[in-house]
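*Asks:* Each protein sequence line maps, in turn, to chains L and F.
Counted the way my numbering counts, the first sequence spans residues 682 to 1319.
Counted the way my numbering counts, the second sequence spans residues 457 to 648.
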Amino acid sequence: MPKLKSILDLENLRKEILSKIDPKKPCITICSGTGCQATGCEKVSDAFQEELKKQKLEEKVNIRKTGCHGFCEKGPIVVIYPDEICYLQVKPKDVPDIISQTIKEGKLIDYLLYIDPTTKEKIIHESEIPFYKNQKRLIFGNNRKIDPKSIEDYIALNGYSALAKALFNLTPEKVLEEVKEANLRGCGGGGFPTGRKWETTRNAPGEPKYVIVNCDEGDPGAYMDRSLMEGNPHSVLEGLIIGAYAIGSHEGFIYVRQEYPLAVENTEIAIQQAKDYGFIGENILGSGFNFMIKIHRGASAFVSGESSALMSAIEGKVGEPKSKYIHTAVKGLWDKPTCLNNVETWANVPFIINNGADWFKSMGTEGSKGTKIFSLVGKVNNTGLVEVPMGMTLREIIYNIGGGIPNNKKFKAVQTGGPSGGCIPEKFLDFPVDFDALSKLGSMMGSGGMIVMDEDTCMVDVAKYFTNFLADESCGKCIPCREGLKHMLRILNDITAGKGTEEDINRLEELAEVICDASLCALGQTAPNPVLSTLKYFRDEYEAHLKGVCPAKVCKELITYYIDPEKCQACGLCAKNCPTDAIYGEKKMVHVIDKEKCIKCGICFEICPDKFNAVSKISGDVIPLDVPKGTKIKPQKR
Amino acid sequence: MRMKTITLEIDGKEVKAEEGMTVLQSAKNAGIEIPTLCYHEKLEPYGACRFCLVEVTKGKKTRLVASCCYPVEEGLVVKTSTKRIIKNRKVLLELILPIAPTGAHKSLAEKYGVKESRFPLEPGEEPSYCTLCGLCVHYCDKIKKWNAVGFQGRGIDRKIVLMSGIGDQCIDCRECYDICDAGKFITLAEEF
Ligand SMILES: Cc1cc2nc3c(=O)[nH]c(=O)nc-3n(C[C@H](O)[C@H](O)[C@H](O)COP(=O)(O)O)c2cc1C
Ligand code: SF4
């Protein structure tokens, strides 16, 4: 690769790349993100390569392995250009048909298309699937168009043009001004105004200044940063280099967690390619600006993503939060001014520079501009990564994009903001999603986790789950977080076991207050949120537990499994599958659960055929007496 | 180079301090008591026990901070024992007393009227006699430069351990015994 020495060199390279692209030539893109890897995309792409070879079409058809498309649940996803024909859940055995029918004859393969569950209509184009149609894929959209290992793909999509514009047409001050004016806010959790942070680092005394990408992403279930870093690493690099130029930094770090090997690999490749072309290094594009980037592989702890812990780790020390009241933007890495931003935050920057602050501000709400990527999971039909303009309502995200709640269940709550976020009840579904609205509801944007919960979810159990996670992930340095969370968890264990008292709720509230007030870092300061928000919106569920009832029938200690003698048809499935042989019954005799032996695993409840529906869970209500052994079933007329 | 003098207010009293000092140091100089567990004059502030929490007001903003780490600022208004602070310290005491029933925090508990903890040990749980204040770790690291004591584990599993392979220097030194206030090292001594 020749080093590019000017903006003209870059434009010539882009022209050359584009000239080699034949827009009519079929291109099979195979999503190779983490989700699709799990469902076997590698085998699918191997099958395509083999089949093309077999049919001697290698020269006539391109194959591209892209980053995550987001609709992970339907993977492996294959999209065929130029017609954008989208096939879902593709298996290697489907490949010969795709080649011989779709590629060669232009025919669609119906059973691989998306079928709209409400209209039953077949949808051909990826962008018309409701999951995608209702999104605004600004940052994430290019993932499906590029091979993350190819810088040329990125350049073809106007990549590095924002960097060239910044270096040659804008002063560092002007770049900073534009980002400030755009009112971009940090996507890593706090929503801190990015431009202001850049300015603080720029103006802080001390050299050198550092810039860092935070790709620690320790929230369970979240993978948007990973998908960006894996799927479009150059967009993050470009944002980082532009930021460094604005701040006056010549050295950057990308902190990636160890468990993201593909992100590490793709970032390493991207850095090397960017160096080869001269986007990183000395005298970038002949502008006189120098900038180097190193990768730091981080340990796998949630708390390592906290700014002071992350910087300690890069310094080679224990990655623990520090009690510091001088912002890391002023005194960060090796006590030098350091600007740390989240992956998604950096990836926004090239768009702002290319399109201007006014364009960016045209999306979003008063206080939150642009878009946000969410990881939509839980009890929702379409799970995956979604990107929407700030201000879209929770209802629109969950119902229009997520396709609503499966099995006609009722919505109960949505948990946003990662483990230390809060649970939002139904009455706020029409609230716009932005930084300030979510905080007002006692939750937060966090890094963009969104877990949908239905009527079968016990909110005390949910609070216990997140408190347990946070108690586990607490570094243990400071007393309120370490000891306070331990006791919160013990109290929640008692309550879900039916051993809680009114006084326990008081203790929970008092601990929550002290943990928020006194903890050293934001992990502790926000850790009581799951408890506080569920106490605020679902207090009745806590109170029911105090009376020995779990309304959602989730907490094992508070439920009893019971077989209805009127309904049991003695099919014997439950007895056959009970792991503790707790169910006795014979042919044509009503089956009965021995409560002494029952471990409440729920297998009988799941396995009893729907047409009989004889097993029920009881919590709070009187448990009917068991029928005597040998009671005959009542055959049902059907 | 002469240090800049800074004027701040602590508990209604005008206090002069040098730039770069912490609120805790300047309070101590002014004879104002702020309780601490993990602070030691010879060591860098660690900020882990949270007993030294104070309320600072700058402009319109008031917040709780660890005074051992917070640098003095011109015009800062500090309060060291508001209701909110006392409440926090009392709960911190309740959290730490069952684990570490001996040490200076015991007299603090008496002063604050904390007699019994609402957060007792679980059946079968033994006191560790350690608040994880880290003084021994940092003393051995920074002053003795031996690094013979360290932390292990995270969260509730965090504990103080003697690094393996330490020999005679520990037997002869034992300065951490004096620095340990909660009694951990008395119990560890039996392991030698
Ligand atoms: C316990 C904890 C974990 C965090 N984990 C992450 C993370 O995984 N990724 C991230 O970008 N920010 C994380 N943060 C937030 C960072 O400390 C920091 O605020 C952020 O990276 C700044 O970037 P932004 O301004 O672009 O949001 C975490 C904070 C805390 C307290
Ligand atoms: S708040 Fe928790 S995670 Fe943060 S320093 Fe204290 S113990 Fe560690």
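All C-beta atoms in this analysis are idealised placements derived from N, C-alpha and C, irrespective of residue type, glycine included.
Just so it is clear, the structure is predicted and the values come from calculations on it, not from any experiment.
(1) Residues of the region 520 to 532 of chain F in Cβ contact with chain L at a cutoff of 8 Å, in chain order, please.
(2) Would DSSP call PHE575/F helix, strand or coil?
(3) Report the rounded CA-to-CA distance for PRO988/L versus LEU789/L, giving the unit in angstroms.
(4) Report back the beta-carbon spacing between CYS712/L and PRO757/L to the nearest angstrom; my notes put them in contact at under 8 Å.
(5) Tell me whether GLY878/L counts as near ligand 1, meaning its Cβ is closer than 8 Å to at least one heavy atom of that ligand.
(6) DSSP state of GLN954/L, grouped into three classes?
(7) Which of the three DSSP states, helix, strand or coil, is assigned to LEU1293/L?
(8) Measuring from the CB of ALA944/L, is there a heavy atom of ligand 1 at a distance below 8 Å?
(9) Pick from PHE752/L, GLU739/L, ILE804/L, VAL999/L: whose alpha carbon is nearest that of ILE766/L?
(10) Quick check for students: name the residue ranges of the beta strand (DSSP E) that lie wholly in the region 1039 to 1098 of chain L, counting only runs of 3 or more.
(11) Do you know how far the Cα of GLU1107/L is from the Cα of LYS1292/L?
(12) Can you pull the chain L neighbours of ASN485/F, defined as C-beta to C-beta under 7 Å?
(13) What do you reckon, is the C-beta of THR882/L under 8 Å from a heavy atom of ligand 1?
(14) For a quick check, are the C-beta atoms of MET1134/L and GLN1096/L less than 9 Å apart?
(15) Would you please verify whether the beta carbon of LYS543/F is less than 9 Å from any beta carbon of chain L?
(16) Output yes if chain F places a C-beta closer than 9 Å to the C-beta of HIS1168/L; else output no.
(17) How would you label MET1140/L, buried or exposed, when you count the other beta carbons within 10 angstroms and need 16 or more for buried?
(18) Opposite VAL471/F in the DSSP bridges: which residues?
(19) Which residues bound the alpha helix (DSSP H) around ALA560/F?
(20) Under 7 Å between beta-carbons, which chain L residues line up against PHE575/F? List them in chain order, please.
(21) Is the region 873 to 885 of chain L close to the region 1042 to 1058 of chain L, with three or more CB pairs under 8 Å?
(22) May I ask you to list, following chain order, the residues of the region 1213 to 1229 of chain L that have a beta carbon less than 7 Å from some beta carbon of chain F?
(23) Please tell me whether ALA1208/L has its Cβ less than 9 Å away from any Cβ of chain F.
(24) Spatial neighbours of PRO491/F within its chain, please: C-beta separation below 6 Å, excluding the five flanking residues on both sides.
(25) Might you give, ordered along the chain, the residues of its own chain that have their beta carbon closer than 7 Å to the beta carbon of PRO1161/L, omitting 5 neighbours on each side?
(26) Please return the same chain residues whose Cβ sits closer than 6 Å to the Cβ of LYS724/L, not counting the five positions on each side in sequence.
(27) Mind checking GLU807/L: buried by the 16 CB within 10 Å criterion, or exposed?
(28) What alpha helix (DSSP H) runs, 4 residues minimum, are completely inside the region 947 to 995 of chain L?
(29) If you measure from the beta carbon of ILE1007/L to each beta carbon in chain F, is any gap under 9 Å?
(30) In chain F, what lies closer than 8 Å to VAL1322/L by C-beta?
(31) My guess is that ALA1251/L and LYS1269/L are in contact by the Cβ rule of under 8 Å, so how many angstroms apart are they, rounded?
(32) Name the chain F residues that come within less than 8 Å of ARG1163/L, Cβ to Cβ?
(33) I want to check one thing, is the minimum distance from the CB of GLN1206/L to the heavy atoms of ligand 2 below 8 Å?
(34) Quick one: which chain L residues come within Cβ less than 8 Å of LEU551/F?
(35) Excluding the 5 residues preceding and the 5 following PHE970/L in the sequence, name in chain order all residues of the same chain whose CB lies nearer than 7 Å to its CB.
(36) Where does the unbroken alpha helix (DSSP H) through CYS1285/L begin, and where does it stop?
*Replies:* On the basis of the coordinates in this document:
(1) LEU520, VAL521, ALA522, CYS524, CYS525, TYR526, PRO527
(2) The count along the second sequence starts at 1 and reaches residue 575/F at position 119. If DSSP states are grouped into helix, strand and coil, PHE575/F belongs with coil.
(3) The sequence position of residue 988/L within the first sequence is 307, counting from 1. The sequence position of residue 789/L within the first sequence is 108, counting from 1. This sequence places Ser at residue 988/L; Pro is not what is there. Going by the C-alpha atoms only, they are around 50 Å apart.
(4) As a first step, residue 712/L must be located in the first sequence, where it is residue number 31. As a first step, residue 757/L must be located in the first sequence, where it is residue number 76. Contact flag correct, Cβ pair sits at about 6 Å.
(5) Translated into the one-based positions of the first sequence, residue 878/L becomes position 197. Here the sequence assigns Lys to residue 878/L, which means Gly is not the residue at that position. The answer is yes for LYS878/L.
(6) Along the first sequence, read from residue 1 onward, the residue named residue 954/L stands at position 273. Residue state, collapsed to three classes: helix.
(7) Along the first sequence, one-based indexing puts residue 1293/L at 612. Note that residue 1293/L corresponds to Phe in the displayed sequence, not to Leu. Three-state DSSP puts PHE1293/L in coil, outside helix and strand.
(8) Residue 944/L sits at position 263 when you count from the first residue of the first sequence. ALA944/L Cβ: outside cutoff for every heavy atom of ligand 1.
(9) Residue mapping note: residue 766/L aligns to position 85 of the first sequence, counting from 1. Of the listed residues, the one whose Cα sits closest to ILE766/L is ILE804/L.
(10) 1052 to 1059, 1065 to 1070, 1092 to 1097
(11) Numbered from its first residue, the first sequence carries residue 1292/L at position 611. Numbered from its first residue, the first sequence carries residue 1107/L at position 426. When rounded, the distance between both Cα atoms is 32 Å.
(12) Translated into the one-based positions of the second sequence, residue 485/F becomes position 29. None at all; the shortest Cβ gap to chain L is about 19 Å.
(13) To locate residue 882/L, count along the first sequence from 1; it is residue 201. False, no ligand heavy atom lies under 8 Å from that Cβ.
(14) Taking the first residue of the first sequence as 1, we reach residue 1134/L at position 453. Taking the first residue of the first sequence as 1, we reach residue 1096/L at position 415. Inclusion of MET1134/L and GLN1096/L in the CB contact set at 9 Å is warranted, their separation being smaller than that value.
(15) Translated into positions along the second sequence, residue 543/F becomes position 87. For LYS543/F, the answer is yes, since a Cβ of chain L falls inside 9 Å of its Cβ.
(16) Working through the first sequence from its first residue, we reach residue 1168/L at position 487. Answer yes: the Cβ-Cβ gap between HIS1168/L and chain F drops below 9 Å somewhere.
(17) Your numbering for residue 1140/L matches position 459 in the first sequence. By the neighbour-count rule (16 or more Cβ atoms within 10 Å), MET1140/L is buried.
(18) Against the second sequence, residue 471/F aligns to sequence position 15. Residue pairing by DSSP puts VAL471/F in a beta bridge opposite LEU464/F.
(19) In the second sequence, counting from the first residue as 1, residue 560/F sits at position 104. Start and end: 560 to 568.
(20) Residue numbering aside, residue 575/F sits at position 119 when the second sequence is read from its first letter. Within 7 Å Cβ-Cβ: HIS1168.
(21) no
(22) Cβ contacts with chain F come from no residue of the region 1213 to 1229 of chain L.
(23) Residue 1208/L sits at position 527 when you count from the first residue of the first sequence. Not one chain F Cβ lies under 9 Å of ALA1208/L.
(24) Numbered from its first residue, the second sequence carries residue 491/F at position 35. The answer, listed in chain order, is PHE507, LEU564.
(25) As a first step, residue 1161/L is located in the first sequence; it is residue number 480 there, counting from the start. VAL1195, ILE1196, ALA1199, SER1200, GLY1205, listed in sequence order.
(26) Walking along the first sequence from the start, residue 724/L turns up at place 43. Taken in chain order, the residues that qualify are PRO773.
(27) Stepping through the first sequence from its first residue, residue 807/L is reached at position 126. Buried, since its Cβ has 16 or more Cβ neighbours within 10 Å.
(28) Taken in chain order, the whole alpha helix (DSSP H) runs of length 4 or more contained in the region 947 to 995 of chain L are 988 to 995.
(29) Mapped onto the first sequence, residue 1007/L falls at position 326. Yes, its Cβ sits closer than 9 Å to a Cβ of chain F.
(30) Residue 1322/L cannot be examined here, being either before or after the span of chain L that is shown, 682 to 1319.
(31) The count along the first sequence starts at 1 and reaches residue 1251/L at position 570. The count along the first sequence starts at 1 and reaches residue 1269/L at position 588. Yes, ALA1251/L and LYS1269/L are in contact; Cβ-Cβ is about 5 Å, under 8 Å.
(32) Indexing the first sequence from 1 puts residue 1163/L at position 482. In chain order: LEU588, GLY611, ILE612, ARG614.
(33) As a working note, residue 1206/L is residue 525 in the first sequence. GLN1206/L Cβ: within cutoff of ligand 2.
(34) By 1-based counting over the second sequence, the position of residue 551/F is 95. Correct list: ILE1160, PRO1161, GLU1164, GLY1165, HIS1168.
(35) The count along the first sequence starts at 1 and reaches residue 970/L at position 289. Contacts found: LEU848, TYR926.
(36) By 1-based counting over the first sequence, the position of residue 1285/L is 604. Its alpha helix (DSSP H) spans residues 1284 to 1288.
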